[in-house]
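Undergrad: Residue numbers (the working numbering), protein chains in the order written: chain E, 759 to 1012; chain U, 759 to 1012.
Even glycine gets a Cβ: it sits at the ideal position worked out from N, Cα and C.
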DNA sequence: CTCAATTTGTTCGTATGTATG
DNA sequence: ACATACATACGAACAAATTGA
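1. Within its chain, find whatever has a CB closer than 7 Å to the CB of residue 865 of chain U; leave out the 5 residues flanking it on each side and keep chain order.
2. When we look at the beta-carbon of residue 1037 of chain E and count the other beta-carbons within 10 Å, is it buried (16 or more) or exposed?
3. Taking C-beta to C-beta, are residue 989 of chain U and residue 981 of chain U nearer than 7 Å?
4. Would you say residue 903 of chain E lies against chain U (beta-carbon separation less than 7 Å)?
5. So, helix, strand or coil for residue 838 of chain U, using DSSP?
6. Our contact map puts residue 862 of chain E next to residue 936 of chain E with C-beta atoms below 8 Å; I'd like the distance itself, whole angstroms only.
7. Mind pulling the chain E residues with CB within less than 9 Å of residue 938 of chain U?
8. Taking the C-alpha atoms as reference points, what is the distance between residue 919 of chain E and residue 903 of chain E?
9. Taking beta-carbon pairs under 8 Å, can you tell me which members of the region 961-980 of chain E lie near chain U?
10. On the DSSP bridge assignment, give the partners of residue 983 of chain E in chain order.
11. Looking at chain U, is there any beta carbon in it that lies within less than 7 Å of the beta carbon of residue 1008 of chain E?
12. For the region 778-797 of chain E, enumerate the residues whose C-beta is nearer than 7 Å to any C-beta of chain U, in chain order.
13. Quick one: using the 10 Å Cβ neighbour count with 16 as the cut-off for buried, is residue 851 of chain U buried or exposed?
14. Ends of the alpha helix (DSSP H) at residue 792 of chain U?
15. Considering residue 911 of chain E, what are the terminal residues of the beta strand (DSSP E) in which it resides?
16. Tell me which same chain residues have a C-beta within less than 7 Å of the C-beta of residue 1000 of chain U, skipping the five on either side of it?
17. What span of residues does the alpha helix (DSSP H) with residue 941 of chain E cover, start to end?
18. From residue 1002 of chain U to residue 955 of chain E, what does the alpha carbon distance come to, in whole angstroms?
19. Put residue 775 of chain E into one of helix, strand or coil per three-state DSSP.
20. So is residue 852 of chain U in contact with chain E if we call contact Cβ pairs under 7 Å?
21. Give a yes or no on whether the minimum CB-CB distance between residue 745 of chain U and chain E is below 7 Å.
22. How long is the line joining the alpha carbons of residue 892 of chain U and residue 977 of chain U, rounded to whole angstroms?
23. Report the three-state DSSP secondary structure of residue 1005 of chain E (helix, strand or coil).
24. Give me the subset of the region 991-1002 of chain U whose CB atoms are less than 9 Å from a CB atom of chain E, sorted by chain position.
25. Using 7 Å as the threshold, is the C-beta distance between residue 890 of chain U and residue 948 of chain U below it?
26. Output the boundary residues of the beta strand (DSSP E) element that contains residue 902 of chain U.
27. How long is the line joining the alpha carbons of residue 894 of chain U and residue 887 of chain U, rounded to whole angstroms?
28. According to DSSP, is residue 819 of chain U helix, strand or coil?
29. Looking at chain E, is there any beta carbon in it that lies within less than 7 Å of the beta carbon of residue 832 of chain U?
30. Express the C-alpha separation of residue 897 of chain U and residue 924 of chain U in angstroms, rounding to a whole number.
31. Per DSSP, which one or two residues make a beta bridge with residue 978 of chain E?
32. So, is residue 941 of chain U buried or exposed, given that buried needs 16 or more other C-beta atoms within 10 angstroms?
33. Within 10 angstroms of its Cβ, does residue 961 of chain E collect 16 or more other Cβ (buried), or is it exposed?
34. Please confirm if residue 907 of chain U has its CB atom under 7 Å from at least one CB of chain E.
35. Closer than 8 Å by beta-carbon distance: list the chain E residues that pair up with residue 985 of chain U, in chain order.
36. Does the beta carbon of residue 952 of chain E sit closer than 7 Å to a beta carbon anywhere in chain U?
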């Protein structure tokens, strides 16, 4: 038995809260229903008439939404029969964010990020709030874009303490910094904290990740301090939100 | 010294990827700059002319964006002087998602969620994928909305195994289920896992949380199994994404 | 096979919103 | 502020394909 539809009657006011075109809003909801398999692959979705009623919009508006999803190969229509979900199922949510030191280092080991020119503007100290740690005087700024199947999915903006960078600069330019740092005997890591929140793509991020302006993103700030509470590694990582998930074992400490 | 502007030249194509009205896209970026304090409270923002150039849009479009933010009391204008960021600073990101059992139970203890009528449609087994655990035959469905300062910020959809619910039904209707469950001597918790991803509000969620359709949300699925690997607690929790953050101590296991 | 019901596809007219110069 | 062009959204009507009685 499939999960039944949850009532959505009389929700007209929700639309008023946004001036985003209606058909885009409707399409977004439908797209999510497909991706979450609420509408399973191959399955027939409700008729245009039913969708009109559910979303409380005109027929043309539903049509425009359906047309969008057709161009994305998520739906196909058969006149006189109905509209169906495509069969091919792309795997999403494949990127699992690490929640501990070991898995974080492991997940980065095989990575070959594409270093890109860092805007000189960013070659300054990262913005640190009190509890993040003291500022190392000088930082090196490294920036890379992560790809999967030729598609960009993440941007790493890393401020690395100059003193650490100088220990083996070539290494730091060739592969992810964190595993290197973990193996440096001179460096004593005292704390490593990660803070995650949801944001929207600004023009620069949108361009690098090839997504629309304002598309939701997942922002990770990872800060590592050394024995003297100096922040030696400050990474701001931005992912497309649609490929990320976080799995947490709530009992790992027991 | 403030963090300098990162180059945003020649990013026109980012706009093409979205059919969201330009002024909304521009407003979204500006709103984020204010919220992240990239534009600090009280500070003067660039002139309309500079913004025209940066965003590559017509003057009226920038004006529309500024007007939006003025209505939100995030900006104010002084003719002949410029446009400024408002001084009052609303605290966001106040909700820290728990990443371990103890803090999860603690964070819920004082909570008084508002139970709402559960659509009968949902009174079925939750959708479980293989590794989530076996299905307990019957579940009770409980639904509540969480408020802060009179504003809804989260929806809890909980499937609780009937056998567990029957141990003290009144309790489960009066306060959060998880602390109760933790204190029940009859229940042996074997695993507790949480999976977090980003989604968009469907019509129902948009209505309950008073947000626009498609607004990004944080979805948490929390599954607790008993000694027999039966999923006794399956919670789907949906938060507004703009109040949530996750702090992880990457070294907690060391 | 025909008929009616269903469902997608198309068109018209109108009103409003968006964006430019 | 104005004129212009295009996109969005509605309601309604009609055409075309499919299905089953």
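TA: From the atom records:
1. Position 107 of the second chain, counting from 1, holds the residue named residue 865 of chain U. Correct list, in chain order: 856.
2. Summary: the structure shown does not reach residue 1037 of chain E, with chain E confined to residues 759 through 1012, and so no result is reported for it.
3. For the purposes of this step, residue 989 of chain U is identified with residue 231 of the second chain, where counting begins at 1. For the purposes of this step, residue 981 of chain U is identified with residue 223 of the second chain, where counting begins at 1. Contact flag set, yes.
4. Counted from its first residue, the first chain places residue 903 of chain E at position 145. Chain U contact via Cβ: absent.
5. For the purposes of this step, residue 838 of chain U is taken as residue 80 along the second chain, with counting starting at 1. It is coil, neither helix nor strand.
6. Looking up residue 862 of chain E in the first chain gives position 104. Looking up residue 936 of chain E in the first chain gives position 178. Between residue 936 of chain E and residue 862 of chain E the Cβ distance is about 7 Å, and since that is below 8 Å, they are a contact.
7. Reading the second chain from its first residue, position 180 is the one you call residue 938 of chain U. What residue 938 of chain U touches in chain E: nothing, since even the nearest Cβ is about 16 Å away.
8. On the first chain, residue 919 of chain E is found 161 positions in, with the first residue counted as 1. On the first chain, residue 903 of chain E is found 145 positions in, with the first residue counted as 1. Taking the straight line from one Cα to the other gives about 20 Å.
9. 961, 962, 964, 965, 968, 969, 970, 971, 972, 973, 974, 976 and 980
10. Numbered from 1 along the first chain, position 225 holds the residue referred to as residue 983 of chain E. Note: residue 983 of chain E sits in a beta bridge opposite E:949 and E:989.
11. As a position in the first chain, residue 1008 of chain E is number 250, starting the count at 1. Residue 1008 of chain E counts as touching chain U.
12. 778, 779, 782, 783, 786, 787 and 790
13. To locate residue 851 of chain U, count along the second chain from 1; it is residue 93. Under this definition residue 851 of chain U is an exposed residue.
14. Position 34 of the second chain, counted from the start, is the residue given in the question as residue 792 of chain U. Taken as a continuous stretch (DSSP letters only), the alpha helix (DSSP H) holding residue 792 of chain U covers 780-793.
15. Reading the first chain from its first residue, position 153 is the one you call residue 911 of chain E. Start and end: 909-919.
16. Within the second chain, residue 1000 of chain U is the residue found at index 242, counting from 1. Excluding sequence neighbours, residue 1000 of chain U sits near 850.
17. Taking the first residue of the first chain as position 1, residue 941 of chain E is located at position 183. Per DSSP, residue 941 of chain E belongs to the alpha helix (DSSP H) from 935-941.
18. Taking the second chain and counting its residues from 1, the one referred to as residue 1002 of chain U is at position 244. Taking the first chain and counting its residues from 1, the one referred to as residue 955 of chain E is at position 197. Roughly 6 Å between the two C-alpha positions.
19. For the purposes of this step, residue 775 of chain E is identified with residue 17 of the first chain, where counting begins at 1. Residue 775 of chain E: coil per DSSP, three-state reduction.
20. One-based indexing of the second chain puts residue 852 of chain U at position 94. So, not an interface residue.
21. Residue 745 of chain U lies beyond the residue range present for chain U, which begins at 759 and ends at 1012; the question has no answer from this structure.
22. Looking up residue 892 of chain U in the second chain gives position 134. Looking up residue 977 of chain U in the second chain gives position 219. C-alpha separation (whole angstroms): 22 Å.
23. Numbered from 1 along the first chain, position 247 holds the residue referred to as residue 1005 of chain E. The answer is strand: DSSP assigns residue 1005 of chain E an E or B state.
24. 999, 1000 and 1002
25. Here the question's residue 890 of chain U lines up with position 132 in the second chain. Here the question's residue 948 of chain U lines up with position 190 in the second chain. Taking 7 Å as the Cβ cut-off, residue 890 of chain U and residue 948 of chain U do not qualify as a contacting pair.
26. In the second chain, counting from the first residue as 1, residue 902 of chain U sits at position 144. Taken as a continuous stretch (DSSP letters only), the beta strand (DSSP E) holding residue 902 of chain U covers 897-906.
27. In the second chain, residue 894 of chain U corresponds to position 136, counting from 1. In the second chain, residue 887 of chain U corresponds to position 129, counting from 1. If I take the Cα positions, the gap works out to 13 Å.
28. Residue 819 of chain U sits at position 61 when you count from the first residue of the second chain. In the structure shown, residue 819 of chain U sits in a helix (DSSP, three-state: H, G or I).
29. Within the second chain, residue 832 of chain U is the residue found at index 74, counting from 1. False, the Cβ-Cβ gap to chain E never drops below 7 Å.
30. Counted from its first residue, the second chain places residue 924 of chain U at position 166. Counted from its first residue, the second chain places residue 897 of chain U at position 139. Each residue's alpha carbon lies about 10 Å from the other.
31. As a position in the first chain, residue 978 of chain E is number 220, starting the count at 1. Looking at the DSSP assignment, residue 978 of chain E forms a beta bridge with E:954 and E:995.
32. Within the second chain, residue 941 of chain U is the residue found at index 183, counting from 1. So residue 941 of chain U ends up on the exposed side.
33. Translated into positions along the first chain, residue 961 of chain E becomes position 203. Buried, because 16 or more other Cβ atoms sit within 10 Å of the Cβ of residue 961 of chain E.
34. Along the second chain, one-based indexing puts residue 907 of chain U at 149. For residue 907 of chain U, the answer is no, since every Cβ of chain E falls outside 7 Å of its Cβ.
35. Walking along the second chain from the start, residue 985 of chain U turns up at place 227. Chain E residues near residue 985 of chain U: none, gap ~13 Å exceeds 8 Å.
36. Position 194 of the first chain, counted from the start, is the residue given in the question as residue 952 of chain E. Yes, residue 952 of chain E lies at the interface with chain U (some Cβ there is under 7 Å from its Cβ).
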